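Below is one structure; the comments refer to it alone.
There are 2 protein chains.
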Amino acid sequence: METHTPGSTPSITVDCGHVLVVGGGIGGIGAALALRRSGADVTLVERAHEFGEVGAGLQMAPNATRILERWGLLDKLLEVGVTPQFMVFRDAVTGEEILRQDLQGEFRERFGAPYIVAHRTDLHRILLEAAVEAGVTMKNDVTVTGYATVDGRGSVRTADDSVLVADAVIGADGLRSTLRSELSADEPVPSGYVAYRGALPISEVTSAADMESVVVWLGPHCHLVQYPLRKGNMFNTVAVFQSPAFLRGEEEWGSEDELEEAYSACVPQVRAALANLGRTRSWPMFDREPIESWVKDRLLLVGDAAHPMLQYLAQGACQALEDAALLEDLAAATEAFPANAAAWDSILGDFNADRAPRTARVQRVARTWGESWHVDQRIPKLLRNMLFKAAGSSDIGQYIDWLYADSEATKELSFQGVQH
Amino acid sequence: METHTPGSTPSITVDCGHVLVVGGGIGGIGAALALRRSGADVTLVERAHEFGEVGAGLQMAPNATRILERWGLLDKLLEVGVTPQFMVFRDAVTGEEILRQDLQGEFRERFGAPYIVAHRTDLHRILLEAAVEAGVTMKNDVTVTGYATVDGRGSVRTADDSVLVADAVIGADGLRSTLRSELSADEPVPSGYVAYRGALPISEVTSAADMESVVVWLGPHCHLVQYPLRKGNMFNTVAVFQSPAFLRGEEEWGSEDELEEAYSACVPQVRAALANLGRTRSWPMFDREPIESWVKDRLLLVGDAAHPMLQYLAQGACQALEDAALLEDLAAATEAFPANAAAWDSILGDFNADRAPRTARVQRVARTWGESWHVDQRIPKLLRNMLFKAAGSSDIGQYIDWLYADSEATKELSFQGVQH
Chain A
16 METHTPGSTP
26 SITVDCGHVL
36 VVGGGIGGIG
46 AALALRRSGA
56 DVTLVERAHE
66 FGEVGAGLQM
76 APNATRILER
86 WGLLDKLLEV
96 GVTPQFMVFR
106 DAVTGEEILR
116 QDLQGEFRER
126 FGAPYIVAHR
136 TDLHRILLEA
146 AVEAGVTMKN
156 DVTVTGYATV
166 DGRGSVRTAD
176 DSVLVADAVI
186 GADGLRSTLR
196 SELSADEPVP
206 SGYVAYRGAL
216 PISEVTSAAD
226 MESVVVWLGP
236 HCHLVQYPLR
246 KGNMFNTVAV
256 FQSPAFLRGE
266 EEWGSEDELE
276 EAYSACVPQV
286 RAALANLGRT
296 RSWPMFDREP
306 IESWVKDRLL
316 LVGDAAHPML
326 QYLAQGACQA
336 LEDAALLEDL
346 AAATEAFPAN
356 AAAWDSILGD
366 FNADRAPRTA
376 RVQRVARTWG
386 ESWHVDQRIP
396 KLLRNMLFKA
406 AGSSDIGQYI
416 DWLYADSEAT
426 KELSFQGVQH
Chain B
16 METHTPGSTP
26 SITVDCGHVL
36 VVGGGIGGIG
46 AALALRRSGA
56 DVTLVERAHE
66 FGEVGAGLQM
76 APNATRILER
86 WGLLDKLLEV
96 GVTPQFMVFR
106 DAVTGEEILR
116 QDLQGEFRER
126 FGAPYIVAHR
136 TDLHRILLEA
146 AVEAGVTMKN
156 DVTVTGYATV
166 DGRGSVRTAD
176 DSVLVADAVI
186 GADGLRSTLR
196 SELSADEPVP
206 SGYVAYRGAL
216 PISEVTSAAD
226 MESVVVWLGP
236 HCHLVQYPLR
246 KGNMFNTVAV
256 FQSPAFLRGE
266 EEWGSEDELE
276 EAYSACVPQV
286 RAALANLGRT
296 RSWPMFDREP
306 IESWVKDRLL
316 LVGDAAHPML
326 QYLAQGACQA
336 LEDAALLEDL
346 AAATEAFPAN
356 AAAWDSILGD
366 FNADRAPRTA
376 RVQRVARTWG
386 ESWHVDQRIP
396 KLLRNMLFKA
406 AGSSDIGQYI
416 DWLYADSEAT
426 KELSFQGVQH
């Protein structure tokens with residue numbers, strides 16, 4: 016085990032008790048709430064001066080809304096979110112509808128929870144309020160710079176030379192995780208795709224929008240997603256396209272000019288929707304290669320720090336909540352939790368063993384799923400469109416049970432065809 | 016109307032009466048039989064010294080076997096053919112089965128006729144015997160060199176300077192049709208793919224073959240088809256691959272060396288099957304662009320002369336039989352057929368109007384179908400395999416009703432996705 020070197024003795028050491036969570040995004044707050052619900056004393060530290068989320072809408076599939084329901088938070092999200100009637104896929108070049116999946120009725124029954132679209136800030140706020148209410152200690156302006164195991168406990172050093180110790184440290188510091196470097200030298204992998212987003216009051220949306228569906232337009236090296244937010248008072252648009260500048264190897268990529276050009280082959284309805292996007296900020300899309308171990312002594316990575324993924328399956332937040340739910344399950348199955356600190360070794364190990372294969376699969380399938388959206392040649396486009404149509408007229412479960420069904424059922428199911 | 020030029024006055028003119036059919040392949044004999052059954056006097060001329068068919072096995076789908084049944088020939092074909100239990104598609108690189116379509120039971124019921132695989136020579140012989148028995152006049156060693164309309168009747172000149180006249184001339188002279196040049200200046204289109212074939216006694220087939228199925232192995236720029244023939248005493252193998260020499264623009268393409276190389280990425284079972292192929296002859300695969308008109312005065316093109324197609328839908332012979340069946344239907348609906356020679360104008364026009372759109376669709380879908388078999392990149396292969404799996408678990412009718420169902424039903428059905 017490492018110790019902090021003598022020359023850099025910190026000015027102050029704070030004992031956080033059972034759990035220290037590093038990172039106040041959806042994954043960190045989820046994990047903090049879950050462990051607090053299990054009886055642990057939890058401190059959560061966040062680098063930013065305020066808690067918050069950037070971005071626009073996000074999709075919560077049943078595998079995540081089941082967890083919100085367990086936590087008593089589903090109704091709160093339903094109050095501000097939208098439960099779309101359909102998930103619709105269209106060919107962005109021809110306009111043709113290629114799949115219309117009902118998200119109500121049988122779908123909701125099959126997975127035992129609703130499909131919800133909501134503003135990212137709303138989900139974040141609901142989780143944050145629940146964590147505060149549950150008694151999680153929250154600290155802003157704390158930048159964690161490294162981890163060490165000290166006397167068998169987890170310990171992090173901060174940018175202001177403090178040391179925070181706890182029985183376990185949960186690293187939820189996102190895609191560009193500092194704590195991941197304790198476990199792996201890997202770097203974020205740029206996809207070459209960049210996202211522009213916009214969430215506008217519905218009166219400002221000029222196009223005749225489908226207000227009951229999540230609509231995904233699939234184009235050559237681009238796609239566009241549209242759905243309503245906030246009880247239909249807002250309309251969310253996400254445009255994701257491949258940057259030619261990235262392909263040329265340039266440092267700066269994904270400009271507004273590239274945005275306009277990327278959709279030139281698409282139907283007017285898609286091109287018009289670009290007006291609904293914010294232009295002051297864009298999101299280059301990254302993920303990472305799956306890694307086998309998220310555990311170093313008493314450090315555990317969760318959420319994007321552990322398994323950042325491309326957004327094509329809309330599972331980033333959902334998988335972070337799955338992480339949290341499993342922490343809660345493992346705590347519940349542990350005798351004398353959280354007093355028995357030695358139990359963390361098996362909790363973290365079991366967590367890793369359970370979650371790593373699943374999230375690696377989600378990471379890999381998300382990449383492949385995106386590639387299949389963005390095909391640009393005649394035969395692949397035809398195969399994609401025919402596949403979507405065939406999927407729509409067959410039992411959709413063969414494609415989505417592995418992802419959306421509850422974990423017991425998942426063990427019996429598999430995603431036919433996309434295994435890796 | 017043209018007449019033969021004075022300087023080349025033929026030595027002899029033969030009046031064939033109602034119908035002259037040019038070409039003694041499956042299409043020509045089928046048309047001759049159909050029109051003879053309708054009461055016409057029919058003469059069929061064939062360039063070769065003997066009637067016959069080269070090649071190995073052929074597949075007769077229900078749209079064709081229904082016609083054989085109408086003609087009382089289905090039982091004869093069943094005596095020598097095989098009704099496979101399954102049509103199986105496999106990924107030639109992974110060996111994975113991606114589709115298993117039952118060709119018995121519901122399939123046979125749905126289409127009202129069996130799916131049969133048989134030796135080409137057997138089908139040809141059965142049709143030839145039926146045509147002779149029905150009273151078609153057969154002449155070998157007749158090479159037709161051109162068509163003219165003389166006194167409102169059809170007329171062809173032959174290589175030995177004879178002239179054959181009839182109320183109508185049916186041009187069934189195949190892919191490299193001489194008579195098509197009366198209507199179109201188009202040329203056969205090389206696909207760059209070449210076929211090797213083999214039909215061996217079953218004892219010589221070393222690999223453990225599936226004796227109840229048509230098995231199609233799909234590989235990168237290649238495929239391999241295997242099925243039993245002659246009550247399971249023979250085994251048919253067809254290997255079709257893209258020639259690198261063709262892609263390089265060379266005159267000679269599709270060598271035996273290319274054959275071996277083309278399957279190098281495939282599973283051992285596929286590579287071993289190449290030993291079952293004859294090596295002395297290969298078939299470069301051609302089709303033509305669809306043309307709108309097959310009619311010039313009293314000349315009508317049918318079969319490959321009218322609509323040559325790539326073999327991916329296994330419909331070349333089937334569509335030729337559909338041609339024949341429609342001729343029979345139109346004759347039956349014509350008052351005073353065949354005495355009323357003026358009725359040929361509407362018969363040929365109606366035939367063209369009915370058949371050209373359908374066969375153009377088969378020609379186009381066959382090309383697309385082949386391209387989707389031969390994809391070589393990761394995502395297109397994945398989409399193809401997933402599509403085949405999805406099709407296998409959904410109502411297969413949405414893909415094949417347009418082709419196999421009887422023509423009345425066909426008008427209500429369409430091939431979802433592959434419209435052109």
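Here the protein sequences come in this chain order: A and B.
Position one of the first sequence corresponds to residue 16 (our numbering), numbered consecutively onward.
Position one of the second sequence corresponds to residue 16 (our numbering), numbered consecutively onward.
Built from N, CA and C at the ideal position, the CB exists for glycine as well.
Quick caveat, the model's predicted, so the values are computed rather than measured.
To the nearest angstrom, how far is it from the Cα of residue i to the Cα of residue j?
| i | j | result |
| --- | --- | --- |
| B/Ala160 | B/Ser26 | Going by the sequence as given, residue 160 of chain B is Thr instead of Ala. The straight-line gap from Cα to Cα measures roughly 15 Å. |
| B/Thr152 | B/Leu35 | 9 Å |
| A/Leu244 | A/Val69 | 15 Å |
| B/Trp309 | B/Leu315 | 6 Å |
| B/Thr193 | B/Gly186 | 9 Å |
| A/Leu239 | B/Ile394 | 20 Å |
| B/Arg296 | B/Tyr211 | 7 Å |
| A/Ala277 | A/Lys396 | 17 Å |
| B/Leu342 | B/Gly264 | 41 Å |
| B/Asp166 | B/Asp421 | 39 Å |
| A/Ser199 | A/Ala321 | 10 Å |
| A/Leu179 | A/Ser170 | 5 Å |
| B/His64 | B/Gly40 | 13 Å |
| A/Arg123 | A/Pro129 | 5 Å |
| B/Asp156 | B/Tyr162 | 18 Å |
| B/Leu142 | B/Asp338 | 14 Å |
| A/Thr173 | A/Ala79 | 32 Å |
| A/Ala146 | B/Met401 | 43 Å |
| B/Thr425 | B/Phe366 | With a pLDDT of only 42 at B/Thr425, under 50, the local geometry of the prediction cannot be trusted, and the value read off the model is given with reservation. Spanning the two alpha carbons is a distance of roughly 17 Å. |
| B/Glu227 | B/Leu92 | 17 Å |
| A/Trp417 | B/Thr136 | 51 Å |
Provide the residue span of the beta strand (DSSP E) that contains residue i, from first to last.
| i | result |
| --- | --- |
| B/Lys5 | What is shown of chain B runs 16 to 435, which leaves residue 5 of chain B out entirely. |
| A/Thr136 | Here A/Thr136 belongs to no beta strand (DSSP E); instead the alpha helix (DSSP H) covers Arg135 to Ala149. |
| B/Thr28 | Ile27 to Asp30 |
| A/Thr173 | Arg168 to Thr173 |
| A/Thr164 | Val159 to Val165 |
Is DSSP giving residue i helix, strand or coil here?
| i | result |
| --- | --- |
| B/Trp417 | helix |
| B/Glu197 | helix |
| A/Gln330 | coil |
| B/Gln74 | strand |
| B/Phe66 | coil |
| B/Ala107 | coil |
| A/Pro395 | helix |
| B/Leu59 | strand |
| B/Ile411 | coil |
| A/Leu402 | helix |
| B/Leu179 | strand |
| B/Leu274 | helix |
| A/Leu35 | strand |
Can you give me the start and stop residues for the alpha helix (DSSP H) that residue i sits inside?
| i | result |
| --- | --- |
| A/Gln439 | The requested residue 439 of chain A does not occur in the structure, where chain A is confined to residues 16 to 435. |
| A/Ile185 | Per DSSP, A/Ile185 belongs to no alpha helix (DSSP H); it is in the beta strand (DSSP E), Ala183 to Gly186. |
| B/Val95 | Leu89 to Val95 |
| A/Pro283 | Pro283 to Ala288 |
| B/Leu48 | Ile41 to Arg52 |
| B/Arg191 | No alpha helix (DSSP H) holds B/Arg191; DSSP gives it neither H nor E. |
#### Entry: Residues of the stretch 84-116 of chain A with Cβ closer than 8 Å to any Cβ of chain D, in chain order
As a matter of chain content, chain D is missing from the structure shown, whose protein chains are A and B.
### Task
Would you mind listing the beta strand (DSSP E) stretches within the stretch 200-271 of chain A that are 3+ residues and don't spill past its ends, in chain order?
Entirely contained in the stretch 200-271 of chain A, the beta strand (DSSP E) runs reaching 3 residues are, in chain order, 204-216, 228-234, 237-244 and 249-257.
### Query
Which residues, in chain order, does the stretch 386-407 of chain A contribute to contact with chain B at a C-beta distance below 7 Å?
Listed in sequence order: Glu386, Ser387, Val390, Ile394, Pro395, Leu397, Leu398, Arg399, Asn400, Met401, Leu402, Lys404, Ala405 and Ala406.
#### Entry: Contact residues within the stretch 293-318 of chain A, judged by C-beta distance below 8 Å to chain B
Against chain B - using a Cβ distance shorter than 8 Å - the stretch 293-318 of chain A contributes no residues.
### Message
Taking beta-carbon pairs under 8 Å, can you tell me which members of the stretch 362-383 of chain A lie near chain B?
### Response
Cβ contacts with chain B come from Thr383.
### Message
Counting only Cβ-Cβ distances shorter than 7 Å, please list the residues of the stretch 325-344 of chain A near chain B, keeping chain order.
### Response
Residues passing the 7 Å Cβ filter: none.
### Query
Which residues, taken in chain order from the stretch 240-267 of chain B, show a beta carbon closer than 8 Å to some beta carbon of chain A?
Answer in chain order: no residues at all.
### Task
At 4 residues or longer, and completely inside the stretch 336-392 of chain A: list those alpha helix (DSSP H) runs for me, N to C.
Under the rule that a run must span 4 or more residues, the alpha helix (DSSP H) segments found entirely inside the stretch 336-392 of chain A read 359-388.
### beta strand (DSSP E) runs wholly inside the stretch 288-322 of chain B, at least 3 long, in chain order
Here the runs fully enclosed are 298-302 and 314-316.
### Task
Return the residues of the stretch 407-422 of chain A that lie within a Cβ-Cβ distance of less than 8 Å from chain B, sorted by chain order.
If the cut-off is 8 Å between Cβ atoms, the stretch 407-422 of chain A has Ser408, Ser409, Asp410 and Gln413 near chain B.
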